[in-house]
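Student:
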Amino acid sequence: MQLSIYFRRFNEWLSVHQKKVLIALNIIGAYFLISKIYDIYWLTEDSFISFRVVDNAINGYGLRWNINERVQVYTHPLWLLYLTSIHFFIKNIYVTALVGTALALLAFFWIAYRSFNKIKLIILAALFVNSYSFLEYASSGLETSLNYTFLIYFFAIYIYSFHKVDGAKKSLLLSIAFGLANAGLVLNRMDNVIFIFFPTVIWLLERVRNRKSFPLLFGFILGTSPFFIWSAFSFFYYGYVFPNSYYAKTMVDFQNVRLDWCLNYYRYAADRDVFLLIAQIAAIIAVFLTRSSKKIYIPLLSGFLLQPYYVYSVGADYFGGRWLTSSFLIAVLIIAQLLPKWKRVRNIRVLTAITIIGIMGFNLNYSKIWSKNPFIDPLTGTVIQKYGGTIDERFSLGGFTKISNCLGTGICYQFHPLYGSAKEYAQKNPPYLVAYAVGVFGYAAGPTLHIIDAQGLGDAFLARTPGAAVHPGHYPRHVPDGYPTGDTSKFTPEQKTLYQEVVLLTKADLFDKERLELLKSKLLLKYRTPRL
Numbered sequence: 010m011q012l013s014i015y016f017r018r019f020n021e022w023l024s025v026h027q028k029k030v031l032i033a034l035n036i037i038g039a040y041f042l043i044s045k046i047y048d049i050y051w052l053t054e055d056s057f058i059s060f061r062v063v064d065n066a067i068n069g070y071g072l073r074w075n076i077n078e079r080v081q082v083y084t085h086p087l088w089l090l091y092l093t094s095i096h097f098f099i100k101n102i103y104v105t106a107l108v109g110t111a112l113a114l115l116a117f118f119w120i121a122y123r124s125f126n127k128i129k130l131i132i133l134a135a136l137f138v139n140s141y142s143f144l145e146y147a148s149s150g151l152e153t154s155l156n157y158t159f160l161i162y163f164f165a166i167y168i169y170s171f172h173k174v175d176g177a178k179k180s181l182l183l184s185i186a187f188g189l190a191n192a193g194l195v196l197n198r199m200d201n202v203i204f205i206f207f208p209t210v211i212w213l214l215e216r217v218r219n220r221k222s223f224p225l226l227f228g229f230i231l232g233t234s235p236f237f238i239w240s241a242f243s244f245f246y247y248g249y250v251f252p253n254s255y256y257a258k259t260m261v262d263f264q265n266v267r268l269d270w271c272l273n274y275y276r277y278a279a280d281r282d283v284f285l286l287i288a289q290i291a292a293i294i295a296v297f298l299t300r301s302s303k304k305i306y307i308p309l310l311s312g313f314l315l316q317p318y319y320v321y322s323v324g325a326d327y328f329g330g331r332w333l334t335s336s337f338l339i340a341v342l343i344i345a346q347l348l349p350k351w352k353r354v355r356n357i358r359v360l361t362a363i364t365i366i367g368i369m370g371f372n373l374n375y376s377k378i379w380s381k382n383p384f385i386d387p388l389t390g391t392v393i394q395k396y397g398g399t400i401d402e403r404f405s406l407g408g409f410t411k412i413s414n415c416l417g418t419g420i421c422y423q424f425h426p427l428y429g430s431a432k433e434y435a436q437k438n439p440p441y442l443v444a445y446a447v448g449v450f451g452y453a454a455g456p457t458l459h460i461i462d463a464q465g466l467g468d469a470f471l472a473r474t475p476g477a478a479v480h481p482g483h484y485p486r487h488v489p490d491g492y493p494t495g496d497t498s499k500f501t502p503e504q505k506t507l508y509q510e511v512v513l514l515t516k517a518d519l520f521d522k523e524r525l526e527l528l529k530s531k532l533l534l535k536y537r538t539p540r541l
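Convert by adding 9 to the 1-based position in the sequence shown; the result is the number in this note's numbering.
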């Protein structure tokens with residue numbers, strides 16, 4: 010009886026102070042989201058591959074990984090150029106990555122604040138904090154934080170553009186902004202196309218129906234122009250439009266392991282971060298239960314269906330959960346947009362419960378994940394292949410790149426064994442090195458050591474040779490005899506042709522006549538790169 014009285018009084022208090030409670034719930038949600046991202050902040054080994062390019066660019070060597078050749082080792086031109094502009098002023102790669110991530114996430118929160126009301130923001134925060142992978146890859150030194158920003162930017166413009174927009178000038182600016190969102194996502198990661206292709210097609214078809222749509226289509230094309238400008242630059246500078254990793258991850262004989270790796274990738278998510286999958290299912294249900302606007306939201310679901318095929322086609326990845334964060338973000342945005350249409354969700358009591366349950370759910374999930382490293386045997390210290398090679402990569406370098414260490418105790422990535430061995434090896438001034446783990450090692454070795462990446466990510470020739478399906482994500486190559494020294498006497502005719510093409514495109518002077526002739530032949534489809 011006494012309890013019911015207190016509950017009724019609390020209920021009355023909530024009703025009277027509804028606006029204040031909404032603001033408080035938003036602050037609580039934002040606090041938990043930001044504090045956990047700060048707590049989890051780390052840099053992955055792969056991010057140092059891009060960091061070496063950033064360092065070389067600032068020091069006048071150009072956008073190169075090895076300074077004597079032009080190879081696009083990075084998959085995220087926008088993120089790399091963004092970091093390079095920050096690093097020009099800061100000159101400390103850890104702080105550069107931290108500032109770059111912080112600014113990208115601030116932009117993300119600002120777009121969320123401007124695009125969603127307080128009720129929707131509460132739902133967003135409550136759902137975001139329940140995905141460990143979403144928080145984990147909000148940092149990592151990779152492009153994911155900027156990806157989050159452009160995805161929410163794309164979503165906001167896409168939804169808004171289906172509402173009545175007054176004025177030709179405003180419609181034109183909206184079309185340019187939508188084009189920029191498309192360009193930004195593809196330049197940040199080319200595989201983002203699986204999420205934006207169908208929504209963009211629907212958006213364009215809606216405009217084509219209008220006879221006065223030409224200015225809007227022109228605005229869209231103008232907005233996407235950065236992508237075409239970069240593609241032209243990449244073709245001229247590197248000799249290829251696609252990043253080198255595209256070839257390194259598709260020129261692989263997967264045999265019978267691809268399906269197993271794909272299933273293990275999703276099994277990791279189901280076991281370690283089930284909210285990645287639950288959110289997608291909930292978003293699909295929400296879209297099909299809504300009585301209106303189905304045609305707007307159904308195209309946004311297409312990425313959920315295309316992504317499993319994409320994961321399968323590239324043989325999955327060893328970064329557990331990383332590729333599912335984009336689909337999770339889109340799913341949460343859809344849920345936050347549609348759920349408040351159910352009147353009961355707008356009730357302040359329900360919103361309070363959502364916030365409390367969201368925080369409790371995260372803390373339970375968080376304690377489960379961080380109780381121990383599931384990929385290391387506690388007795389023997391040996392690696393456990395629990396999900397067929399898909400792991401929580403943060404356990405490998407996370408301890409060396411935490412904010413509390415790097416900006417507090419000073420124990421940072423420089424104390425990693427690979428960093429020390431690279432410094433020691435570079436002092437011997439060797440002509441080259443064949444290596445497999447090239448992130449931290451390559452960055453620490455400095456610009457003068459020529460590293461032959463045996464997995465092909467940093468080597469244009471090896472990327473176009475068959476890779477072995479040994480481990481998801483990275484595929485080792487056979488380095489032909491004589492290749493490190495440029496001796497092609499033991500090469501097959503096809504290998505010699507490929508080698509000559511790669512050397513001409515990546516090492517010759519940019520305006521070399523023979524190189525320009527080869528680029529012209531490739532552009533006119535008169536020449537095709539030989540397949541080995």
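Using N, Cα and C, we set each Cβ at its ideal position, and we do this for glycine too.
#1: Using beta-carbon positions only, say whether Tyr321 and Cys271 come within less than 8 Å of one another.
#2: So Lys499 and Pro489 are supposed to be a Cβ contact under 8 Å. How far apart are they, rounded?
#3: Please report the straight-line C-alpha distance between Leu87 and Leu196, rounded to a whole angstrom.
#4: Considering only C-alpha positions, which residue in the set Phe125, Ser124, Thr110 and Tyr249 is nearest to Phe514?
#5: Looking at the unbroken alpha helix (DSSP H) that takes in Asp462, where does it start and where does it end?
#6: Would you please state the rounded distance, in angstroms, between the beta carbons of Gly612 and Gly193? I believe it to be under 8 Å.
#7: Could you check if Leu533 is buried or exposed, using at least 16 other CB atoms within 10 Å of its CB as the buried criterion?
#8: Please classify Phe520: does DSSP put it in a helix, a strand, or coil?
#9: Just the Cα atoms here: how many angstroms apart are Tyr167 and Thr334?
#10: Using the beta-carbon count (16 or more within 10 Å), is Ala453 buried or exposed?
#11: Indicate whether Gly312 and Ile161 have their beta-carbon atoms separated by less than 8 Å.
#12: For Leu519, which of Ala113, Phe409, Thr299 and Ser243 has the nearest alpha-carbon?
#13: Measure the C-alpha to C-alpha separation of Ser59 and Val82 and round it to an integer number of angstroms.
#14: When the Cα atoms are used, what is the spatial distance from Tyr484 to Tyr122?
#15: Under DSSP, the beta strand (DSSP E) around Leu442 begins and ends at which residues?
#16: Mind checking who Ala477 pairs with in its DSSP beta bridge?
#17: Judging by CA-CA distance, which residue of Ala478, Leu466 and Arg403 is the nearest neighbour of Phe143?
#18: For Arg79, which of helix, strand or coil comes out of DSSP?
#19: Can you tell me whether Pro481 is buried or exposed? The criterion is at least 16 other CB atoms within 10 Å of its CB, across all chains shown.
#20: I need the straight-line Cα distance from Val80 to Ala469, nearest angstrom please.
#21: Going along the chain, which unbroken runs of the alpha helix (DSSP H) with 4 or more residues stay wholly within the region 393 to 429?
#22: Of the residues Ser430, Tyr327 and Thr418, which one's Cα is nearest the Cα of Tyr396?
#23: What residue range is occupied by the uninterrupted alpha helix (DSSP H) comprising His96?
#24: Check whether the Cβ atoms of Ala288 and Phe337 lie closer than 8 Å to each other.
#25: Using a Cβ-Cβ cutoff of less than 6 Å, which residues in the same chain neighbour Leu114 once the five nearest sequence positions on both sides are dropped?
#26: Helix, strand or coil: how does DSSP classify Arg486 here?
#27: Quick check on the DSSP output: the alpha helix (DSSP H) that includes Tyr274 runs from which residue to which?
#28: What does a CB cutoff of less than 7 Å around Thr105 pick up in its chain, not counting 5 residues either side in sequence?
#29: Which residue comes first and which comes last in the alpha helix (DSSP H) that contains Phe251?
#30: So what's Leu528 in DSSP terms, helix, strand or just coil?
#31: If you reduce the DSSP assignment to three classes, tell me which class Phe470 lands in.
#32: Are Pro539 and Glu503 close, meaning C-beta to C-beta below 8 Å?
#33: May I ask you to report which of helix, strand or coil DSSP gives Ser149?
#34: State the start and end residues of the unbroken alpha helix (DSSP H) segment that holds Ala288.
#35: Per the DSSP calculation, Leu52 is bridged to which residue(s)?
#36: Count the other C-beta atoms from every protein chain shown that fall within 10 angstroms of the C-beta of Ile294, then say buried if there are 16 or more, exposed otherwise.
Tutor: So, to answer that:
#1: Working through the sequence shown from its first residue, we reach residue 321 at position 312. Working through the sequence shown from its first residue, we reach residue 271 at position 262. Taking 8 Å as the Cβ cut-off, Tyr321 and Cys271 qualify as a contacting pair.
#2: Working through the sequence shown from its first residue, we reach residue 499 at position 490. Working through the sequence shown from its first residue, we reach residue 489 at position 480. Lys499 to Pro489, Cβ: 7 Å. Contact.
#3: Walking along the sequence shown from the start, residue 87 turns up at place 78. Walking along the sequence shown from the start, residue 196 turns up at place 187. Roughly 5 Å between the two C-alpha positions.
#4: Position 505 of the sequence shown, counted from the first residue, corresponds to residue 514. Residue identity differs from the one stated: residue 514 is Leu in this sequence, not Phe. Minimum Cα distance to Leu514 is reached at Tyr249.
#5: Start at 1 with the first residue of the sequence shown, and residue 462 comes out as number 453. Asp462 -> not in any alpha helix (DSSP H); beta strand (DSSP E) instead, spanning Ile460 to Asp462.
#6: Lying before the first or after the last residue shown, residue 612 is absent from the chain, which here runs from 10 to 541.
#7: What you label residue 533 is simply residue 524 of the sequence shown in a count that begins at 1. When all chains shown are included, Leu533 counts as exposed.
#8: Taking the sequence shown and counting its residues from 1, one reaches residue 520 at position 511. Residue state, collapsed to three classes: coil.
#9: Within the sequence shown, numbered from 1, the residue matching residue 167 stands at position 158. Within the sequence shown, numbered from 1, the residue matching residue 334 stands at position 325. Whole-angstrom Cα-Cα distance: 20 Å.
#10: The sequence position of residue 453 within the sequence shown is 444, counting from 1. Counting Cβ neighbours within 10 Å, Ala453 comes out buried, since at least 16 surround it.
#11: Locating residue 312 in the sequence shown gives position 303, where the first residue counts as 1. Locating residue 161 in the sequence shown gives position 152, where the first residue counts as 1. Not a contact, by the Cβ cut-off of 8 Å.
#12: Position 510 of the sequence shown, counted from the first residue, corresponds to residue 519. Of Ala113, Phe409, Thr299 and Ser243, the residue nearest in Cα terms is Ser243.
#13: As a working note, residue 59 is residue 50 in the sequence shown. As a working note, residue 82 is residue 73 in the sequence shown. Each residue's Cα considered, the two are about 7 Å apart.
#14: In the sequence shown, residue 484 corresponds to position 475, counting from 1. In the sequence shown, residue 122 corresponds to position 113, counting from 1. Their Cα atoms are separated by approximately 42 Å.
#15: Indexing the sequence shown from 1 puts residue 442 at position 433. Segment Leu442 to Ala444, the beta strand (DSSP E) holding Leu442.
#16: Taking the first residue of the sequence shown as position 1, residue 477 is located at position 468. Asp262.
#17: Taking the sequence shown and counting its residues from 1, the one referred to as residue 143 is at position 134. Comparing Cα positions, the closest option is Arg403.
#18: The residue given as residue 79 occupies position 70 in the sequence shown. DSSP places Arg79 in coil when its eight states are reduced to three.
#19: Within the sequence shown, the letter at position 472 stands for residue 481. So Pro481 counts as buried.
#20: Walking along the sequence shown from the start, residue 80 turns up at place 71. Walking along the sequence shown from the start, residue 469 turns up at place 460. Taking the straight line from one Cα to the other gives about 6 Å.
#21: 403 to 410
#22: Numbered from its first residue, the sequence shown carries residue 396 at position 387. Out of Ser430, Tyr327 and Thr418, Tyr327 has the C-alpha closest to the C-alpha of Tyr396.
#23: Counted from its first residue, the sequence shown places residue 96 at position 87. It spans Pro86 to Ile99 - the alpha helix (DSSP H) in which His96 sits, taken as one unbroken run.
#24: Within the sequence shown, the letter at position 279 stands for residue 288. Within the sequence shown, the letter at position 328 stands for residue 337. For Ala288 and Phe337, yes; Cβs fall inside 8 Å.
#25: The residue you call residue 114 lines up with position 105 of the sequence shown. Counting only Cβ-Cβ distances below 6 Å, and skipping sequence neighbours, we find Ser154.
#26: Numbered from 1 along the sequence shown, position 477 holds the residue referred to as residue 486. Here Arg486 sits in strand by DSSP.
#27: By one-based count along the sequence shown, residue 274 stands at place 265. Its alpha helix (DSSP H) spans residues Arg267 to Arg281.
#28: As a first step, residue 105 is located in the sequence shown; it is residue number 96 there, counting from the start. For Thr105, where only same-chain residues beyond five positions count, the Cβ hits under 7 Å are Leu92, Ile95, His96 and Ile99.
#29: On the sequence shown, position 242 is the one that residue 251 refers to. From DSSP, Phe251 is part of no alpha helix (DSSP H); its letter is neither H nor E.
#30: Here residue 528 refers to the residue found at position 519 of the sequence shown. Leu528 falls in the helix class under three-state DSSP.
#31: Walking along the sequence shown from the start, residue 470 turns up at place 461. In this structure, Phe470 counts as helix in the three-state DSSP scheme.
#32: For the purposes of this step, residue 539 is identified with residue 530 of the sequence shown, where counting begins at 1. For the purposes of this step, residue 503 is identified with residue 494 of the sequence shown, where counting begins at 1. Yes, Cβ-Cβ distance for Pro539 and Glu503 is below 8 Å.
#33: Walking along the sequence shown from the start, residue 149 turns up at place 140. The answer is strand: DSSP assigns Ser149 an E or B state.
#34: Counting from one through the sequence shown, the residue named residue 288 turns up at place 279. Residues Phe284 to Leu298.
#35: Position 43 of the sequence shown holds residue 52. According to DSSP, Leu52 bridges with Ser149.
#36: Here residue 294 is taken as the residue at index 285 of the sequence shown, counted from 1. When all chains shown are included, Ile294 counts as exposed.
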